[in-house]
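Read through the structure below, which is laid out as structure tokens, and then see the notes.
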Amino acid sequence: MTHQITLKLIEMKTLFTLLLLILTLTGVAQDATFVHTVTPSNTSADLSYIDHPLLNNNPNAQLIVSHVWNPPGSSGVYNTHRTGLYYDATENKWGVYNEDANNIVNGSSYFVYVEQNSEVYQHVTSLSNQGTSDAYTVLSHPDLNGNPEAQVVVSTYYNPNASRNDKNYGTWYDGTNWNLFTEGGATIEIGDAFMVAVNGGDLTHRYRHVASAASISGNVTIIDHPALNGNPDARFVFMHNWGETGTSANVIVDKVLGVWYTGTNWSIYTEDISAFPEDSEYDLIIFDPTLGVSENGSLASVSLYPNPADTYTTIESQEIIEEVRVYNLLGQEVLRIAGEGMKMSLDTSSLTSGTYLVNVRCEGRSKTLQLLKK
Numbered sequence: 005m006t007h008q009i010t011l012k013l014i015e016m017k018t019l020f021t022l023l024l025l026i027l028t029l030t031g032v033a034q035d036a037t038f039v040h041t042v043t044p045s046n047t048s049a050d051l052s053y054i055d056h057p058l059l060n061n062n063p064n065a066q067l068i069v070s071h072v073w074n075p076p077g078s079s080g081v082y083n084t085h086r087t088g089l090y091y092d093a094t095e096n097k098w099g100v101y102n103e104d105a106n107n108i109v110n111g112s113s114y115f116v117y118v119e120q121n122s123e124v125y126q127h128v129t130s131l132s133n134q135g136t137s138d139a140y141t142v143l144s145h146p147d148l149n150g151n152p153e154a155q156v157v158v159s160t161y162y163n164p165n166a167s168r169n170d171k172n173y174g175t176w177y178d179g180t181n182w183n184l185f186t187e188g189g190a191t192i193e194i195g196d197a198f199m200v201a202v203n204g205g206d207l208t209h210r211y212r213h214v215a216s217a218a219s220i221s222g223n224v225t226i227i228d229h230p231a232l233n234g235n236p237d238a239r240f241v242f243m244h245n246w247g248e249t250g251t252s253a254n255v256i257v258d259k260v261l262g263v264w265y266t267g268t269n270w271s272i273y274t275e276d277i278s279a280f281p282e283d284s285e286y287d288l289i290i291f292d293p294t295l296g297v298s299e300n301g302s303l304a305s306v307s308l309y310p311n312p313a314d315t316y317t318t319i320e321s322q323e324i325i326e327e328v329r330v331y332n333l334l335g336q337e338v339l340r341i342a343g344e345g346m347k348m349s350l351d352t353s354s355l356t357s358g359t360y361l362v363n364v365r366c367e368g369r370s371k372t373l374q375l376l377k378k
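Following this note's numbering, the numbering of the sequence shown begins with 5 at its first residue and continues without gaps.
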């Protein structure tokens, strides 16, 4: 009887958490990606100080920044200058600055992505990681090496070697390693530092966008992703990916880029309003605070991929999966299957397009993740 009561309480707690998640889809976690807007009060010449609890008094924070033209509340502001990250040990704040030392544009805004787990690391250029040309440097990370499907987003970083880095950068995969290169072929100086995000944290979607002819209009390429479409409050960072050698993605994009919301979709655009390069590809890390909620104690990392899913998705955990339950946004259970070890496939072909909550149970604990069905 005691065992039955305990199970019932666990089920009630899980249901309550699911309902809470449904009602508060944007309030699950401290925002690890947010909008920073330049104002006269937070600006000193080329630098704008960021004021955020995840970053203040935290010199060891690791973060990525991308320019956004029109976040909610903004009428749209360009910044044609390349930007980087800087930590001010006197103010105890991080900042975004113009690499060319011109005053940062008042009213311009930036998506700031803060490391959630350990998915961002610092890369400093050295002779040992310099490529056969000094225009590229070889990246090394366990989640990058040998993985052509990795998503890589990079920001330049003034500290620790006081180096301004006024160049456009892209990434490419050479069959073994990911590399960071200057789009214009300029030298990467020894000591130049970068923040490198790999695949994103638990609360992110990974996506690779192809700027096909159909997606391009003038200086803009339209992105099509369920977490972004019709969502002006979406937040993400991005990077040009030259792709693997010998593919149609081998397009140089020596341009300053930003993102903007069209009213229906998010898009990437050229800041100088020049024609958008066809066939170029971009890695996106999209923040989604509804992707993961843990119940009944701390549960080791659980991942769900691909997400969005078509006919199936894979569930992977660091613990034995006992059971998986899928709920619609009305809180109704639509699917329940027994676990299969620490990695299993979930058939989603019977689900209609939309958003679902996947509750993964492992050894008396559970974690709920959001699943987007195509």
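Even glycine gets a Cβ: it sits at the ideal position worked out from N, Cα and C.
How would you call residue i, buried or exposed, if buried means at least 16 neighbouring beta carbons within 10 angstroms?
i: G179; result: exposed
i: N61; result: exposed
i: L334; result: exposed
i: R86; result: buried
i: E153; result: exposed
i: G31; result: Because the pLDDT at G31 is just 41, under 50, the model does not fix this residue reliably, and the value given afterwards should be weighed accordingly. It is exposed - the Cβ of G31 has fewer than 16 other Cβ atoms within 10 Å.
i: T249; result: exposed
i: I68; result: buried
i: R239; result: buried
i: T251; result: exposed
i: G99; result: buried
i: M243; result: buried
i: D314; result: exposed
i: T129; result: buried
Give the single residue among the options whose Cα lies nearest to the Cα of residue i.
i: F185; options: T315, S159 and H213; result: S159
i: A253; options: E275, F240 and V214; result: V214
i: D462; options: I341, T359, G358 and G345; result: Since the displayed the chain opens at 5 and closes at 378, residue 462 lies outside it and no answer follows.
i: K347; options: S357, V81, Q126 and Q322; result: Q322
i: V202; options: C366, N183 and Q374; result: N183
i: G174; options: I324, V255, T41 and L59; result: V255
i: S70; options: D55, L59, S48 and Y101; result: Y101
i: K377; options: G204, G345 and T317; result: T317
i: P455; options: E326, I290, I324 and Y273; result: Lying before the first or after the last residue shown, residue 455 is absent from the chain, which here runs from 5 to 378.
i: A218; options: E123, N165 and F280; result: F280
i: V124; options: D55, V241, I220 and V224; result: V241
What residues match up with residue i in a beta bridge as DSSP calls it?
i: S3; result: Outside the shown range of the chain, which is 5 to 378, sits residue 3, and nothing can be said about it.
i: K184; result: The sequence shown places Leu at residue 184, not Lys. DSSP lists T141 and T175 as partners of L184.
i: D287; result: R212 and M243
i: R86; result: According to DSSP, R86 bridges with nothing at all.
With residue i and residue j assumed to form a contact (beta carbons below 8 Å), what rounded beta-carbon distance in angstroms separates them?
i: I227; j: N169; result: That belief does not hold up - the Cβ atoms of I227 and N169 are roughly 27 Å apart, past 8 Å.
i: A93; j: P63; result: 7 Å
i: V200; j: L143; result: 6 Å
i: T372; j: L355; result: Rounded, the Cβ-Cβ distance is 16 Å, inconsistent with contact.
i: L295; j: D206; result: 7 Å
i: A320; j: T84; result: The residue asked about is misnamed: residue 320 is Glu in this sequence, not Ala. That belief does not hold up - the Cβ atoms of E320 and T84 are roughly 42 Å apart, past 8 Å.
i: E285; j: R212; result: 6 Å
Check whether the Cβ of residue i lies closer than 7 Å to any heavy atom of the ligand ATP, and answer yes or no.
i: Q155; result: Of the ligands one can find in the structure shown there are none, so the ligand ATP has no counterpart to examine.
contact_flag[the stretch 142-152, the stretch 71-89] where n(CB pairs < 8 Å) is 3 or more: no
Stretch pair the stretch 332-340 + the stretch 308-315: three plus CB contacts closer than 8 Å: No, the stretch 332-340 does not touch the stretch 308-315.
Touching by the beta-carbon criterion (3+ pairs, under 8 Å), the stretch 193-202 and the stretch 231-240: no
Cβ contact check for the stretch 104-122 and the stretch 34-42: 3 or more pairs under 8 Å: yes
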